[in-house]
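Those protein sequence lines, which keep their order, are chains A and B. The first sequence begins at 40 in this note's numbering and counts up by one. The second sequence begins at 115 in this note's numbering and counts up by one. Beta carbons: idealized from backbone N, C-alpha and C, even for Gly.
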Amino acid sequence: MAIISKIILPLFVIVIIFYGVKKKVNVYDTFLEGAKEGLVTTFNIFPAIIAMIFAINIFLDSNVLGFIIDSLSKYIGNINIPLEIIPMALLRPISGTASLAIMNDLFKTFGPDSFIGYLASILQGCTDTTVYVIALYFGSIKVTKIKHALWTGLFADLVGIVMAVILTNLFF
Amino acid sequence: MVGYIWAFLIGIGIIYSLVTGNINVINESILTNASEALDLILNLLPIIVLWTGILKIAEVSGLLDKFAKLLRPFLKRIFPDIPRDNKALGYISSNIAANMLGLGSAATPAGLKAMEELQKINKEKDTASTPMITFLVLNTAGVTLIPTTILALRVAYKSNNPSCIIVPAIIATMCSSIAGLTLDYFIRKKKRKWR
């Protein structure tokens, strides 16, 4: 399994470049063109990153979360889920930037190779900003009655979260 | 929605620290936050730029389209209500293929086009049709093979093995997609029975 994880990235790179050369694409210039687009995209999300880091850090630094976790753990007892992950799981379907900011904080506090670090990585990787995507896609064609789309999407996210917990226990 | 949550996080954070007499921490937090955001974006920037460069080659060479074509037989099965020659299937497969490679900027236009085509064959224009819902469930479950931003951040925080999360993340995302599609399938079936 560890080998597959390590091989995916190099495999993609070689297949993409080889296919490009085969199809007589100017791979170098095309790379530069794409990289420039990536640069613009990244700078475009910078304001959102500032906004979210600002809000998330005020929230986390106030330690209101510690208060909530303390009061919750009296009732939940000892389960094998670090409660620090809960705000990330709650915000993930709404804002990718917010959950990214929390993941950044978890990496800073616990390190990327801790249990929480692994869990946060898998969680961020296995779900998408469901609420945002549904609002954007249905909004674009002016559909207002979305029936069970939101709940089914959120159910899939919930399964993703549960799977992330199970797999982190299994793999690491 | 995001606006409310944003305001809520800031509001509750400041009020709680005022109550607990912890306002010094918040004062410092406000002053240092912005530079932390800059650190984060600088950590993400190199890998995102590198990967969008690589993926541009996949896009221009037609590899992305080829990948999308591979997905079509599978997609035809989960979208039985879309006529075979309809353009929507093509857009859906491009959207899913681009999402799988972590190419969000190419995925969204294809996704919006798919919704447009689905709207053309939709009978009630203000109501979500069956294929629309299935498409969004599949889309939001978010099957991603190369999670670029996560890898970038793991590298930045000096992980010993940044890419080791790829396989478990793929397994988790497969499970959530299958769960979403299954639930969608049963809801559809039940609704048909009622009619």
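Quick check on the burial criterion: 16 or more other C-beta atoms within 10 angstroms. Buried or exposed for L177 of chain B?
Sequence index remark: in the second sequence, residue 177 of chain B carries index 63 (1-based). Burial call: buried.
Helix, strand or coil, according to DSSP, for T183 of chain A in the structure here?
The sequence position of residue 183 of chain A within the first sequence is 144, counting from 1. T183 of chain A falls in the coil class under three-state DSSP.
Residues bridged to T241 of chain B (per DSSP):
By one-based count along the second sequence, residue 241 of chain B stands at place 127. Per DSSP, A:K184.
Spatial distance of F122 of chain B from D179 of chain B (CA atoms):
Against the second sequence, residue 122 of chain B aligns to sequence position 8. Against the second sequence, residue 179 of chain B aligns to sequence position 65. Looking at the two C-alpha atoms, the distance is approximately 43 Å.
Let me check understanding here. Comparing Cα to Cα, which of A:P49, A:L78, A:S134 lies closest to I173 of chain A?
In the first sequence, residue 173 of chain A corresponds to position 134, counting from 1. That would be A:S134, whose Cα lies nearest to the Cα of I173 of chain A.
If I measure Cβ to Cβ from I56 of chain A and keep anything under 8 Å in the same chain, skipping five residues before and after, which residues do I get?
In the first sequence, the residue the question calls residue 56 of chain A occupies position 17. Hits under 8 Å: V66.
Beta-carbon within less than 7 Å of T262 of chain B's beta-carbon, same chain only, minus the 5 sequence neighbours each way: which residues are those?
By one-based count along the second sequence, residue 262 of chain B stands at place 148. Cβ neighbours of T262 of chain B beyond the five flanking positions: I161, I162, W165, G216.
First and last residue of the alpha helix (DSSP H) that includes G150 of chain A?
Taking the first sequence and counting its residues from 1, one reaches residue 150 of chain A at position 111. Run containing G150 of chain A: none; DSSP gives neither H nor E here.
Interface partners of L71 of chain A on chain B, CB under 8 Å:
Locating residue 71 of chain A in the first sequence gives position 32, counting from the first residue. By Cβ distance, chain B contributes G167.
If the cut-off is 8 Å on Cβ atoms, which residues from the region 139 to 155 of chain A count as contacting chain B, listed in chain order?
L139, A140, M142, N143, F146, K147, G150, P151, D152
At the 9 Å Cβ level, is Y205 of chain B part of the contact set with chain A, yes or no?
Reading the second sequence from its first residue, position 91 is the one you call residue 205 of chain B. Taking Cβ atoms only, chain A never reaches closer than 9 Å to Y205 of chain B, which makes this a no.
Neighbouring residues, chain A, relative to M229 of chain B (Cβ below 9 Å)
Here residue 229 of chain B corresponds to residue number 115 of the second sequence, with the count starting at 1. By Cβ distance, chain A contributes Y176, F177, S179, I180, V182.
Could you list which residues in chain B have their beta carbon closer than 9 Å to that of K62 of chain A, in chain order?
Your numbering for residue 62 of chain A matches position 23 in the first sequence. Here the neighbours are V174, S175, G176, L177.
Candidates B:I264, B:L252, B:S131: which alpha carbon is nearest D298 of chain B's?
Your numbering for residue 298 of chain B matches position 184 in the second sequence. Closest by alpha carbon: B:L252.
I'd like the list of long-range same chain contacts for L189 of chain A, defined as Cβ closer than 6 Å, with 5 residues on each side in sequence excluded.
Looking up residue 189 of chain A in the first sequence gives position 150. I173, listed in sequence order.
Is it true that the CB of T244 of chain B sits closer than 9 Å to the CB of R198 of chain B?
Locating residue 198 of chain B in the second sequence gives position 84, counting from the first residue. Locating residue 244 of chain B in the second sequence gives position 130, counting from the first residue. Contact: no.
Proximity test, Cβ basis, 9 Å: D109 of chain A and chain B
Here residue 109 of chain A is taken as the residue at index 70 of the first sequence, counted from 1. Judged by the 9 Å Cβ criterion, D109 of chain A is not in contact with chain B.
For L139 of chain A, which residues of its own chain have a beta-carbon under 8 Å away from its beta-carbon, when the five flanking residues on both sides are left out?
In the first sequence, counting from the first residue as 1, residue 139 of chain A sits at position 100. The residues are I88, M91, Q163.
Are F177 of chain A and T168 of chain A touching if we call contact CB-CB under 9 Å?
On the first sequence, position 138 is the one that residue 177 of chain A refers to. On the first sequence, position 129 is the one that residue 168 of chain A refers to. For F177 of chain A and T168 of chain A, no; Cβs fall outside 9 Å.
Between K113 of chain A and chain B, is there a C-beta pair that is closer than 9 Å?
The sequence position of residue 113 of chain A within the first sequence is 74, counting from 1. With 9 Å as the cut-off, K113 of chain A does not count as an interface residue toward chain B.
So the candidates are B:E150, B:I129, B:N213, B:A224; which of them puts its Cα closest to the Cα of L203 of chain B?
The residue labelled residue 203 of chain B in the question sits at position 89 within the second sequence. Nearest of B:E150, B:I129, B:N213, B:A224 to L203 of chain B, Cα basis: B:A224.
With distance defined between alpha-carbon atoms, name the residue in B:L267, B:T248, B:L259 nearest to K186 of chain A.
In the first sequence, counting from the first residue as 1, residue 186 of chain A sits at position 147. It is B:T248.
Under 8 Å, with one C-beta from each stretch per pair, do the region 66 to 86 of chain A and the region 189 to 198 of chain B reach the 3-pair mark?
no
For A137 of chain A and M214 of chain B, what's the separation of their Cα atoms in angstroms?
Here residue 137 of chain A refers to the residue found at position 98 of the first sequence. Here residue 214 of chain B refers to the residue found at position 100 of the second sequence. So the two alpha carbons sit approximately 22 Å from each other.
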